[in-house]
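Contents: one structure, followed by commentary.
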Amino acid sequence: MTAKTFLLSHYSYSPPKNSNFRPRNFSFHSFYYTNGMGRGPFRYGEGLVKRNSNSNSNSWKVWADVKSKPFKITESLKIDDPISDVSLKKKEDDEGDNLLIGLPWWEEFPKRWIIVLLCFSAFLLCNMDRVNMSIAILPMASEFHWSPTTVGLIQSSFFWGYLLTQIAGGIWADTVGGKAVLGFGVVWWSVATVLTPIAAKLGLPFLFVVRAFMGIGEGVAMPAMNNILSKWVPISERSRSLALVYSGMYLGSVTGLAFSPLLIHKFGWPSVFFSFGSLGTVWFAVWLSKAYSSPLDDPRLRPDEKNFILSSSVSTEPVKSIPWKLILSKPPVWALIVSHFCHNWGTFIILTWMPTYYHQVLKFNLTESGLFAILPWLTMAISANIGGWIADSLVRRGVSVTVVRKVMQTIGFLGPAFFLTQLSHVNSPAMAVLCMACSQGSDAFSQSGLYSNHQDIAPRYSGVLLGLSNTAGVLAGVFGTAATGYILQHGSWDDVFKVSVGLYLVGTAIWNAFSTGEKIID
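Quick note: the sequence shown, position 115, residue 1154 per our numbering, numbers continuous.
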C-alpha cells in the first residue's frame, strides 16, 4: 500500500455528542515529523487519543510517544482498534494546494504559474521583436535611401499579416490546443525576425513579405494564450495571471527600446534582429518540455493542483465546431467587441504618436522623446499587475465577477479620458509627461476588465472571442493612427485627444450597459 505523508499535528478527532467514546490506544507507522525547519527521519511508536484539556469543547487529539528507531515506509496509517466515524482531514492552504513536506521549492511551485510565466516571456519576446523595427528603421532608411512613405509602408506591413490570423488563430487554438498554436507563433515570428536583414538587402518586396509573415506569427499569440490560460487558471486567479502576461508586452517594449540602440551602435542594425530573433529558440525548447494545452494532458501535474484547477475549470470536451450564430447573437459579445475598439483607438494613438507629441509640443529632442516614451510602458506594467491583484482579491471576497469587470474597465476608460483632457491645461513638460504616464497607468486596469472577460463569458471559445474583439482593436489602431495624421494636418493635438476621449466615454456607456462576468456560452 502506498504510504501517506502528512503532519500529525494537523489531525484531531471530535466524537459525536452524547457518544460513549473513550480514549483508545493505537499504533502508527510511516509518519514524517517536522520541527518547522524541514523533514525529519521516519519514526514509529505508540500513541494515545486524549481529551483536549485546554478546551471546553468535546474534542480529542492524537498524542504520540515517538521513538528514535529508524523505520522504512511500507505501510500507510494503520489503526489497531478503529474508531467509527473518524475522518482525518488534510490541511489545505488558501490557494488550494495541499501542504507538502520535504519537496524542493521548484517542485512545490504551482505548475499553472509556470504556464503563466512562459506566456509572459512569450509576450516579452513578442513586443521586443515588434518594436525593434521602430529603432532600426532609422539607420535602415538612411542606408537604403527610403522615403518617409516607404518607411510607413514597411511599418504597416506588419499589420497585414497580424489582421489575418486574429480570428483564424482563435479557431485553431480552440480546436487544436493553445500549446501548439502559441509554439508555432513564437517560432514563426522569430524566424521572420532573423530573416528581416536578409530580406531588406534583397529588396522591398521581400521585406514587405517578411514583415507580414511576422504579423502572422504574432497574430495567433493572444488567442492562443487566452485559450491555454482559460484551461489552466481558476477564476480566482484570472485577473492577475492575465495582467502578468500582458505586462510582458509592456516590458518587452521597454526592453526593445532600451537595448536596440545599444546593439545598433556597437554591432550594426542587423544585430538587433539576429539577437532578438534567436531568443525564440530558447523559449521554444522550454515550452516544448514544460507546457501542456490542458491540465488533463500533463502527466507530471500533482493531483492536488489538478483537482484545484478542474474544480473551477471549463468543460474539458474538445471544441469541434464554433457556434458563430450563438456567439454573435449575445449582447455582451458585442459590448466586448465595441469596447475593445474604443479602448484601442486611444491606446494606439498615445503609444504611436507619443514621441512625436513630445518632440513637437513639449520641444524634447529625439533622445529625450525616446527616453520618455518608455515611461508609460513601465507605468502600464506596474498598474496592470496592481489592478490584477485588486480584481482577484475582490472576487475572492465574494464580489461578483460582473461588478469587478465593470469597475476595472470603467477605470480603464475614464482614467485616460480624464488625464488626456488635462493636457491642454498643463504648462510644463514635466506635468505633461506625468499626465501621459497616469493616462496609460489607468488604461492598464483594462487587463482586469475587458481583456479578462473573454474567459468569463465563453471560456471554451475564449480564443475565438479574443480573435474577434482584437480584430476590432487592431482596426482601431490602424484607422486611429491614420486619422491622427489627418487631424493634425487640419487641426491640433487637442482635436486628436477629443476624439479619443469621446470614444472612451462611448465605450464606458456600452460596457456598463451590456457587459457581464457570467458565462453565457457553454
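Where a beta carbon is used, it is the ideal one built from N, C-alpha and C, also for glycine.
Since the structure is predicted, the reported quantities are computational estimates derived from the model, not experimental observations.
Segment limits, alpha helix (DSSP H) that includes A1548
It spans W1532 to F1553 - the alpha helix (DSSP H) in which A1548 sits, taken as one unbroken run.
Report the three-state DSSP secondary structure of K1218 (helix, strand or coil).
If DSSP states are grouped into helix, strand and coil, K1218 belongs with the helices.
Please report the residue range of the alpha helix (DSSP H) in which G1480 lies.
Counting along the chain, the alpha helix (DSSP H) containing G1480 begins and ends at P1468 to D1482.
Measure the C-alpha to C-alpha separation of S1360 and M1419 and round it to an integer number of angstroms.
Computed Cα separation, rounded: 37 Å.
Helix, strand or coil for W1392 per DSSP?
In the three-state scheme derived from DSSP, where H, G and I count as helix and E and B as strand, W1392 is classed as helix.
What did DSSP end up calling R1444 once you bin it into helix, strand or coil?
Helix, per DSSP.
Are V1259 and G1200 close, meaning C-beta to C-beta below 8 Å?
Contact check for V1259 against G1200 fails: the beta carbons are separated by 8 Å or more.
For F1536, which option in W1185, I1496 and H1464 has the closest C-alpha, if you only look at C-alpha atoms?
Check the Cα spacing between F1536 and each of W1185, I1496 and H1464: the tightest is with H1464.
Rounded separation between P1455 and S1378 - CA only
P1455 and S1378 have their alpha carbons spaced roughly 14 Å apart.
Counted within 10 angstroms of its Cβ, other Cβ atoms place Q1205 as buried (16 or more) or exposed:
Q1205 should be labelled buried.
For D1337, which residues from the same chain have a beta carbon less than 7 Å from its beta carbon, with the 5 sequence-adjacent residues on both sides left out?
By the criterion of a C-beta distance shorter than 7 Å, D1337 is surrounded in its chain by K1150 and Y1331, once the five residues flanking it on both sides are discounted.
Residue from V1438, I1210 and L1281 with nearest C-alpha to P1422:
Per the sequence shown, residue 1422 should be read as Ser rather than Pro. Here the closest residue by C-alpha is L1281.
Go ahead and pull the three-state DSSP assignment for G1519.
It is helical.
For the alpha helix (DSSP H) that contains Y1490, what are its first and last residues?
Run containing Y1490: L1489 to I1496, per the alpha helix (DSSP H) assignment.
Cβ neighbours of L1489 in the same chain (closer than 8 Å, five flanking residues each side left out):
Counting only Cβ-Cβ distances below 8 Å, and skipping sequence neighbours, we find L1375, S1378, H1379, H1382, R1444, Q1448, G1451, S1508, W1550 and S1554.
Whether A1219 touches P1262 by CB criterion (8 Å):
Their beta carbons are not under 8 Å apart, which means A1219 does not touch P1262 by this criterion.
Would G1160 pass as a contact of W1322 if the rule is Cβ separation under 8 Å?
Rather than Gly, the amino acid found at residue 1160 in this sequence is Ser. Cβ distance < 8 Å, so S1160 and W1322 count as in contact.
So is I1388 in contact with chain B if we call contact Cβ pairs under 8 Å?
The structure shown contains no chain B, having only a single protein chain.
Report the three-state DSSP secondary structure of A1330 (helix, strand or coil).
Coil at A1330, not helix or strand.
How about A1175 and W1308: do their beta carbons lie closer than 8 Å?
With contacts defined by Cβ atoms closer than 8 Å, A1175 and W1308 form a contacting pair.
Where does W1211 fall in DSSP's three states?
In the three-state scheme derived from DSSP, where H, G and I count as helix and E and B as strand, W1211 is classed as helix.
Nonlocal neighbours in the same chain, by C-beta distance under 6 Å from G1295, ignoring five residues either side:
So the list reads M1167, V1170 and N1171, once near-sequence residues are dropped.
Chain-order list of residues whose beta-carbon lies under 8 Å from that of V1233 (same chain, five-residue window excluded)
Closer than 8 Å at the Cβ level, and outside the excluded window around V1233, lie F1312, F1313, G1316 and S1317.
Rounded to the nearest angstrom, what separates G1530 and G1524 at their Cα positions?
Approximately 10 Å, taken between the alpha carbons.
If I1193 and L1246 are in contact, beta carbons under 8 Å, what's the gap, nearest whole angstrom?
So it is a contact: roughly 6 Å between Cβ atoms.
My output table needs one value for H1184: the three-state DSSP class, helix, strand or coil.
It is coil, neither helix nor strand.
Cβ separation of V1225 and G1287, assumed to be a contact under 8 Å, to the nearest whole Å
Distance from V1225 to G1287 at the Cβ level is roughly 12 Å; contact not present, criterion being Cβ atoms closer than 8 Å.
Tell me whether V1513 sits in a helix, a strand or coil according to DSSP, three-state version.
Helix at V1513.
Does the Cβ of D1495 have 16 or more other Cβ atoms within 10 Å, making it buried, or fewer, making it exposed?
Buried, because 16 or more other Cβ atoms sit within 10 Å of the Cβ of D1495.
Mind checking which residues open and close the alpha helix (DSSP H) that includes S1285?
A quick correction: the sequence has Tyr, not Ser, at residue 1285. Its alpha helix (DSSP H) spans residues R1277 to F1306.
Keeping to the same chain, check which residues put their C-beta closer than 6 Å to that of G1556; ignore five residues upstream and five downstream.
V1440, T1441, R1444 and D1495.
Which value, in whole angstroms, describes the spacing of the CA atoms of W1185 and L1243?
When rounded, the distance between both Cα atoms is 10 Å.
What residue range does the alpha helix (DSSP H) around S1269 cover?
Looking at the DSSP string, the run of the alpha helix (DSSP H) that includes S1269 is A1260 to W1271.
Close Cβ partners of K1329 (< 7 Å) along its chain, the five nearest in sequence each way excluded
Here the set comprises I1153 and L1157.
What is the DSSP secondary structure of G1437, counted as helix, strand or coil?
Three-state result, G1437: coil.
In whole angstroms, what is the alpha-carbon distance linking A1511 and W1384?
Their backbone Cα atoms lie some 10 Å apart in a straight line.
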